[in-house]
Amino acid sequence: MTASSLSTNFMSVALLSLLRLINTAAVNQDDGNLRFNEHTMIMSHNSAANKDAADGDFFKLFGVDQEDSMYAQLITNGVRGLSLDITIDSSDRSKLRLVHYPFDY
17 MTASSLSTNF MSVALLSLLR LINTAAVNQD DGNLRFNEHT MIMSHNSAAN KDAADGDFFK
77 LFGVDQEDSM YAQLITNGVR GLSLDITIDS SDRSKLRLVH YPFDY
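Numbering (the numbering used here), first residue to last: 17 to 121.
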């Protein structure tokens, strides 16, 4: 499997997971008659760039966009979608990395 197809497969799984979360939120919040474009939900941008992931690193703290871990964003804060910056690892093209340039999280 090439890095490109791995990246595409990963993004497909991430999108399907996001759509499942959206569908779950939609079913619980209305009578089922709303169309997709009529829903509003909380999403976090650069979800992986959080204080928990920075792990006290002085420079990574400059790139932090979120106070809470991704788990806390979903479970505690009610976030229903995560925006993640994903890139292929330049040293091992079979791996993906979570980034918020110029930092890895």
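Where is the CB? At the ideal position from N, CA and C, for every residue including glycine.
If you run the structure through DSSP and keep just helix, strand and coil, what is D120? Strand.
Under 8 Å by Cβ, that's how I've got A65 and Q82 pegged, so tell me the actual separation to the nearest angstrom. Confirmed, about 6 Å.
Can you give the Cα-Cα distance for K111 and I102, rounded to whole angstroms? Just so you know, the alpha carbons of K111 and I102 end up roughly 10 Å apart.
In terms of residue numbering, what span does the alpha helix (DSSP H) encompassing I91 cover? In the DSSP assignment, I91 falls within the unbroken alpha helix (DSSP H) covering 86–91.
Compute the Euclidean distance between the alpha carbons of G79 and N49, then round it to the nearest angstrom. In a straight line, the C-alpha of G79 is about 40 Å away from that of N49.
First and last residue of the alpha helix (DSSP H) that includes A70? Start and end: 67–70.
Since R109 and D120 should fall inside the 8 Å C-beta cutoff, what is the C-beta to C-beta distance between them, to a whole number of angstroms? Not confirmed; about 16 Å, so no contact.
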